[in-house]
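Asks:
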Amino acid sequence: MLNWTIFTVFNILSILCSVVMVTTMLGFWLYQRKLVERISFRLVGLCAICDVMRHAFRLVQIYANDGSLDQNIHDRANLFQISSVIGEMALLTFILYTFEIVLNLQLVLVHQVRVMINHQAIYFAAPPIFVLAIAILSECIGGIFFGDVRIYLLTLTIFVLFTLILCYTLVICIMIVVKLVRTTRAVVQFHPFGIPGPEKNETDAVLGGKKVGIVSSSEFLARKAVRQAIIHILMYPVAMFIVGFPTMVVRILYLCAPTLGIEISLDLEEYSNALQGVVNFVCFLLDPALHTAVKSVKRDLLAFYYDEKSQSGPSASISESTSSLTFTSTFTRRLALWCTERFILGPQCVSKEVEVEVEEVHTLILVNSKYEEINSNLMEYEHVTNKVKHL
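The sequence shown begins at 1043 in our numbering and counts up by one.
1) Kindly give me the distance between the Cβ atoms of A1378 and F1049, rounded to whole angstroms, as I take these residues to be in contact under 8 Å.
2) To the nearest angstrom, how far is the alpha carbon of V1062 from that of V1078?
3) Where does L1327 sit, in a helix, a strand or coil, going by DSSP?
4) Around the C-beta of G1286, are 16 or more other C-beta atoms found within 10 angstroms, so that it is buried, or is it exposed?
5) Taking contact to mean 3 or more Cβ pairs, one atom from each stretch, closer than 8 Å, check whether the region 1076-1094 and the region 1051-1067 are in contact.
6) Hey, would you say Y1139 sits closer than 8 Å to L1088, going by beta carbons?
7) For N1045, does the count of other Cβ atoms within 10 angstroms reach 16, so buried, or fall short, so exposed?
8) Using the three-state DSSP reduction, which class does R1118 fall into: helix, strand or coil?
9) From the DSSP output, in three-state form, read off F1049 for me.
10) From what residue to what residue does the alpha helix (DSSP H) around Q1103 run?
11) Taking the alpha helix (DSSP H) that E1181 falls in, what are its first and last residues?
12) Assuming the contact rule is C-beta atoms closer than 8 Å, Y1165 and V1339 should be a hit. Round their C-beta distance to whole Å, please.
13) Where does T1197 land, buried or exposed, given buried means 16+ other C-beta within 10 angstroms?
14) Which one of S1314, Y1313 and L1387 has the shortest CA to CA distance from F1346?
15) Note down the Cα distance separating Y1210 from L1145, rounded to an integer number of angstroms.
16) Pull up the CB-CB distance for A1281 and V1321, whole angstroms please, since I reckon it's below 8 Å.
17) From R1375, L1328, V1102 and F1323, pick the residue whose C-alpha is nearest to that of L1344; which is it?
18) Pick out whichever of L1133, F1083 and A1177 has its Cα sitting closest to the Cα of T1334.
19) Consult DSSP for V1078 and reduce its assignment to one of helix, strand or coil.
20) Beta-carbon within less than 6 Å of F1099's beta-carbon, same chain only, minus the 5 sequence neighbours each way: which residues are those?
21) Assuming I1137 and L1203 form a contact by the criterion Cβ under 8 Å, report the distance between their Cβ atoms to the nearest whole angstrom.
22) State the Cα-Cα distance for the pair V1220 and L1208, rounded to the nearest angstrom.
23) For L1072, which of helix, strand or coil comes out of DSSP?
24) Rounded to the nearest angstrom, what separates D1342 and H1161 at their Cα positions?
25) Within the same chain, show all residues whose beta-carbon is closer than 8 Å to that of L1133, passing over the 5 residues directly before and after it, in chain order.
26) Between the Cα of A1090 and the Cα atoms of A1177, I1183, Q1123 and Y1278, which residue gives the shortest distance?
27) Are the beta-carbon atoms belonging to V1292 and E1311 less than 8 Å from one another?
28) Ordered along the chain, which non-local residues of its own chain (more than five positions away) have a Cβ less than 6 Å from that of Q1270?
29) Do I1081 and Q1148 count as a contact pair if the criterion is CB distance below 8 Å?
30) Which value, in whole angstroms, describes the spacing of the CA atoms of T1135 and A1175?
31) Does the beta-carbon of Q1456 have 16 or more other beta-carbons within 10 angstroms, so that it is buried, or is it exposed?
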């Protein structure tokens, strides 16, 4: 039997993880819009919104009947039916947005199309319009019967698209790998001896008494691009496959053997679907686009921190600011400084500040000693001058 407490906890965790994803991307957008310029990154945010809707309406769907899973399957109460349809629509929209992530990466990495941002309205609006059309069509024509099992057109569409997207993702991944590997080989052939530069020790070799990098910087960047492309293109479809595989197995069993007792499989389906938001959040943490945005914010905070420190204290100097951050409120300025000290610079921040203060004290002591030496010399000069005058 399904443990409703565990099921509820899983759904709430997924909702919280999806809300964190949406909030993070909204924060990047409010801070600097260029951090979320990538269409694939924006599509991830839309997937998170679909996750929130799906898990929320799933909880409504389960507690609408206040009973067992069998009652939820066979009951056709209005609240259950509405929440079920909206949940299926959110799932189908999520699948289509995942498909668009792969499609966008194919256009950018394989076909080298660089103006996809101009078509973002089509990316964002097409899946909801398609899902709405499928939902209306499924309600118009009713159910489709296979034996004793009634399957809606919406569910069949989800099953077909789920299978096609997985196959499509595998093909596109192979195409991108082949494309980038060929580019890497072309770079190596153009620079057969590598480009000398600061490489790691394991990639260095001695040539003519000098240490040079046997792996060119262009080849290194190409290999890094291969890794990031594979990670980016595989993460979200694989997450969808891991979570949705039990669902597909259960629905196939319903089609082929509707009288077979599959209560355990039904429980596995519910548990796996409830973890979709958590799995997507893990992929979000590994997303290279997120890492790039975080590095940009970190760089701006460090620049702001050092600008503030250079303009305060005993050795303050007036210089041009290198930070793009501007705070009109004293509280937000102090909060940004505190967060930079505690979370970016870490525990070494205090010791570094102490070293700076000690260095400033030593400088002041040196200046005072020089000042006293100059004063003594001036006094001696005045004494000698007075003697000369008396003579």
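Note that CB positions come from ideal geometry on N, CA and C, so glycine has one too. The structure presented is a predicted model; accordingly, all values stated were derived computationally and were not measured.
Replies: To lay it out plainly:
1) Actually they do not touch by this definition, with Cβ atoms about 41 Å apart.
2) 16 Å
3) helix
4) Burial of G1286 is indicated by the presence of at least 16 other C-beta atoms within 10 angstroms of its C-beta.
5) Contact between the region 1076-1094 and the region 1051-1067 is present, with at least three C-beta pairs closer than 8 Å.
6) Cβ distance < 8 Å, so Y1139 and L1088 count as in contact.
7) exposed
8) For R1118, the predicted model reports a pLDDT of 48, less than 50, meaning its position is unreliable and no value from the coordinates is stated.
9) F1049 falls in the helix class under three-state DSSP.
10) I1081 to Y1105
11) Q1162 to I1183
12) Contact flag wrong, Cβ pair sits at about 25 Å.
13) buried
14) It is L1387 whose Cα lies nearest to the Cα of F1346.
15) 9 Å
16) 5 Å
17) R1375
18) F1083
19) helix
20) S1125, I1128 and G1129
21) 5 Å
22) Approximately 19 Å, taken between the alpha carbons.
23) helix
24) 30 Å
25) C1092, R1096 and I1200
26) Out of A1177, I1183, Q1123 and Y1278, Y1278 has the C-alpha closest to the C-alpha of A1090.
27) yes
28) The residues are P1330.
29) no
30) If you draw a straight line from the Cα of T1135 to the Cα of A1175, it comes to about 12 Å.
31) Past the boundaries of the shown model lies residue 1456; the chain is included only from 1043 to 1433, so the question cannot be answered.
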